[in-house]
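Residue numbers (the numbering used here), protein chains in the order written: chain A, 717 to 1159; chain B, 2 to 546. Glycine included, each C-beta is placed from N, C-alpha and C at the ideal position.
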Amino acid sequence: MLLTIQPDQVEHIIPDASSAKSAKKLAKFEAWNNISGSVDQWIWGEIQGSSIYQSAIFLPELKCECSCPSFKRPCKHALALLFVYTEYQDKFVVQSDEQNIPDRVQKWRDKKNKTLEKKENKIDKPIDEEARLKRQLAREKKMDAGIDALQTWLNDVVAIGLGRLRQQQHEKFRDIQSRLVDAQVAGLVIYLDEFSSALYQTNWQMESSFWLAKLQTAIHLWKNRQHLKPELYEEVKQLFGINLPADMWNNISVHKLNLYALGQVTHELVNSRGRYRRQWLWDSQNLRDYLILDFEIPPHSNFGLTLPYQKQLPINVKLYPVISQQRLRLEDNLISFNDLSLTLVEPKGFKNFDKAFTQYANGLKQYPLQLVRFFWLEQLRLVKIGKTIYLVDQDQKMCEIEIKQFVELWFLVGAEPFGAGVEWDGLKLKLISIWQGGHFECL
Amino acid sequence: MSLTTSYREFNQQLLLKLTLGQQFKQTVKVPDELQIYVPKQIDSAQDLLVLNQYWVLMQQAGYQAQGVPETFQKNIAEIDQIENEKQLDNQLVQILKWVVAQESPFLYQNWVNQIFKLAQQQQQVIPRYLVLKLLPLCRNPVLLAVILPEFVFQGDVTTRVDDTKRVWKYVKQHDAAPLIRQLLKSKNSEWSLLISQLCDQLPNFIHEHIAEFWSQSIQKNHLQSHAESLVTYNMPVTQFEALYQHVKTLEPQNAATVRNNAALGFYLYYQDNALYNEIMALLRACLSYDAQAKKVKFHISLDQDDALNDYGFFDREANLLESRKSLKTAYQSSQVEQAYQAFCESSQGVLYLKRILIQLPLAYWLELFDTWDHLFLLHSQQKEYIWNAFVIRCYQEQRRDLALWFYQHQTKWCEAVTISTGNRLEREWIFSLLDQELATELLLKQLESHYQKQDLEHFWFVFQRAQVLHQDQNISEMAAVLIQHAYETLDLQQDQNKFALLKEQAQCLILEAYPIDFSCLQPLFSISEWKQLIQFNQYKQKIIA
């Protein structure tokens, strides 16, 4: 039985828009010849391009191979084959006889199997703990210098005033940002970006004082790092850009959680080509959020798995060993979600805004730099007062939301109550997804 | 969030201090709660940063939603639900949801329209959340007015459904005024589309209001173009008796009025007016049928040509301007007789003749040809044009008897899939008249014979046009077998276009024909398309059962 692939799973491995376009042109069932699959989840087919090209895909990883000369991987042929597969899966006959697998596909398959074996046989290299500690200390020393510079810079900013900063911001920001990059505190560069853009918002005084406070808190935590709980220290380190050593993951245990995937938000990465994505998961029993964060930096990396919406998923995860216990690493692949029952039960959520805000406040106690959290709220209504759009909860309390297309939303929910997923970052409420009746929509 | 007065003052002060920096000389009064973290007196930039740090944290931790102003609480409570609407059945909703999620939903426009028609039949409305996505897929305001939820028409949230809203007001609230206002205002092409849909689906509206509309159009000088679209869309003259009665009362009957009112068609169809006899007398002098030559002969002088033009025979058609010019040139030639003869035999001449005939009532045709059988004997030069004109005339006068007679004798001509000259659309009008019992039997026989010959092309041509037979189970079965057979003999790699055509036919069959078990057509569709089509088919079967 071949693995079922959903079209949106294919979407996530498309390198760019032009690839998508040309792949969809070739994704015609009748244009492909000799399509088949193997017991170990390879599929293949041939298409007439400038000559006949053979494409093959290893389904569990959506790894694409093709005999065409293109540098792009996956190329348009392999993507097209994958699209055809999503729509005409039953036309791919599984060849149980190895003899029937074309030679070229056989080669790709052997190559893949070898790398898999290699991975399994890799003897754990002993880690030189002493050298690691030495490297760490050297880095921290560099970072200390960067953080000192940032403190001086902030003092300077406050002395001249935010009003003046608005007028001369560019050079002012460029210097400190490159210093932070040099000092290997690249994580804080994003805060500075937010700070500089906050200066130009309508509510700029409020918003820039918010980011000023975040930066000061970061400095404060770093300077007191000796006194922090280890999980909080780890969280701060990750925020600043120190990655978790890969071998750490082996010591972290796998949890099985029952979660709903209730929305995703994609943003451009500042200062580099690429995007990052927040997939929000919701624990309907304990009313709390989890996050899968992944990055897409073409052509090197693509977004990982996209979880199916609307259903409660039993998923295996590892939690990042940090204080917020929010970010997850997924330990499943596509097969796990291949056959889920179709019963749709709306998740439980908070009954009013204030419960959600209280949870946010509790999170701040643990981790003062906590930024975005996701809440599921029940029984909200959409209300427009003047030009401002609000969500109103069951207690007749309301929160302003930022949306561009009111009419679309109004048609979506009408005057009736709905369940909604919102992102809250301490400043702004953003509507992410909606569930009303049997209808779910991620905005 | 609202702050208490003392906090609000502090917040303002702090923001000012941060904005102005050292220029702000006032001392910031630190609230008691924050004095654990910062000194009472803020001296340095560092102190200020820390103060801001804790204040922002405190605000974040204490954030609360604000209460809804009382005036709005009432409003929220007042928005009532519209309970008496029947929602579209879930099976169909699922298909619509699938369509709007597709990358090119326009490929499935036909699906959407069929689903809307089912909704209309069962007086159900589509879910509100699909409305905006489906609007671009249906251009039929009359259909939309019935299947959109009332929500869409409340308030003034959108301008995208204006026409639909007007139709809705007429259908649901019996308020025709907005629709009439719009018809008066709209430009030619919009007008044509709307009026043809109204004629088709709301004949009552036309009967009740066309006269009112017409008299206002005359005042605004819009008539010409509007009347033209009536002709362009070949609406049956019989539908407009009320209009004729109205036009007749407007002004004394003379050529100019008729022309200005663009009412020639009506005046010629109804005989209780002086104009009818005037024009007929003129035509009797010009036209005759020559049984020997098997041609309609016309002897038209330039004066007669002018007279016809005055009555409005030739209005605005570019091709006819050319024809009339040629006629003039012929009369200016040194050898008039020969030149005129050449004109009569040229395609421009035949077109000129067709234009006259197409406006003349069939009663006059019979007088001209003496017996209908002469139509079949016509010379090949004139045959195509005159037959086309005849079909259109039959349609405008809704002569089902003549249409059946013509189809019986000229089946091949009517069913020609490809034609070299003339307008195929014109001859296809005949099928819309073949809906009485005798005609359907004939059509059924035709389809059976195409089926026996495994002639999918002709089978399909007739099937598509013979709407009356769409609910016949045998037809569905024959069509499915023919399509399946064509698919099996197809070399996919060689005939990709043919595959696309077959797929379209299969799709059309499932959507529009009697719902049988179509599983033999599955290979033509993708998994997800097939899933939707199966659902749709099962739904139709359920309704019929």
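Contact of Pro1084 of chain A with chain B by beta-carbon distance below 8 Å involves Leu58. DSSP places Val1108 of chain A in the strand class (E or B) of the three-state scheme.
As the crow flies, the alpha-carbon of Leu1147 of chain A is around 25 Å from that of Ala929 of chain A. At the C-beta level, Leu1003 of chain A and Trp1092 of chain A come within 9 Å of one another.
If the five residues before and after Gln757 of chain A are omitted, its C-beta is found closer than 8 Å to the C-beta atoms of Leu718, Leu719, Phe774, Leu775 and Pro776, all from its own chain and listed in chain order. With its beta carbon at least 9 Å from every one in chain B, Ser913 of chain A lies outside the interface. Here Pro1030 of chain A is bridged, per DSSP, to A:Asn974.
When DSSP states are grouped into helix, strand and coil, Gln497 of chain B belongs to the helix group. Taken in chain order, the members of the region 16-44 of chain B whose beta-carbon sits within less than 9 Å of a beta-carbon on chain A are Leu16, Leu17, Lys18, Leu19, Thr20, Leu21, Gly22, Gln23, Gln24 and Phe25.
One Cα belongs to Met479 of chain B, the other to Tyr452 of chain B, and the distance between them is close to 7 Å.
Ranked by how close their Cα comes to the Cα of Tyr769 of chain A, the residues A:Lys823, A:Ser1017 and A:His793 have A:His793 in first place. Judged by beta-carbon spacing, Leu978 of chain A lies beyond the 9 Å limit of Ser812 of chain A, meaning their Cβ atoms are not closer than that value. Contacts with chain B at 9 Å (Cβ-Cβ) do not include Leu944 of chain A. Going by C-alpha positions, Leu403 of chain B is about 11 Å away from Ala440 of chain B. Ser969 of chain A and Thr918 of chain A have their alpha carbons spaced roughly 46 Å apart. For Val57 of chain B, the enclosing alpha helix (DSSP H) stretches over residues Ala46 to Ala62. Listed along chain B are Gln65 and Ala66, each with a C-beta nearer than 8 Å to that of Asp1070 of chain A. If you check the CB distance, Val126 of chain B and Pro106 of chain B do not come in under 9 Å. Within 10 angstroms of the beta-carbon of Ile116 of chain B lie 16 or more other beta-carbons, which makes it buried. At least 9 Å separates the beta-carbon of Lys170 of chain B from that of Gln123 of chain B.
Taking a Cβ-Cβ threshold of 8 Å, the residues of chain B close to Thr933 of chain A are Gln54 and Leu58, in chain order.
If you check the CB distance, Ile387 of chain B and Lys413 of chain B do not come in under 9 Å. With respect to Trp430 of chain B, Tyr396 of chain B sits close: the two C-beta atoms are nearer than 9 Å.
Following the DSSP letters along the chain, one finds Asn749 of chain A in no alpha helix (DSSP H) but inside the beta strand (DSSP E) bounded by residues Trp748 to Ser754. Counting the other Cβ atoms within 10 Å of the Cβ of Gly1102 of chain A gives fewer than 16, which makes it exposed. Here DSSP, grouped into helix, strand and coil, assigns Lys329 of chain B to helix.
Residue contact check for Tyr1076 of chain A against chain B: a CB pair falls below 9 Å. The residues Ala212, Trp215 and Ser216, in chain order, have a CB closer than 7 Å to that of His247 of chain B in the same chain once the five nearest residues on each side in sequence are set aside. In the three-state DSSP reduction, Asp732 of chain A falls in the coil class, being neither helix nor strand. Think of a sphere of 8 Å around the beta carbon of Arg428 of chain B: no beta carbon from chain A falls inside it, the nearest being about 34 Å out. For Met717 of chain A, the closest Cβ of chain B is not nearer than 9 Å. In chain order, Gln65, Ala66, Gln67, Gly68 and Val69 make up the part of chain B whose C-beta sits under 9 Å from the C-beta of Lys1113 of chain A.
In this structure, the CA atom of Lys298 of chain B is about 26 Å from the CA atom of Ala275 of chain B.
Apart from sequence neighbours up to five positions away, the residues of its chain that approach His971 of chain A with a beta-carbon distance below 6 Å are Val1033, ordered along the chain.
Distances from the CA of Asp496 of chain B to each of A:Lys740, A:Ser925 and A:Trp748 were compared; the closest alpha carbon is that of A:Trp748. Under the three-state reduction of DSSP, Leu133 of chain B is assigned to helix.
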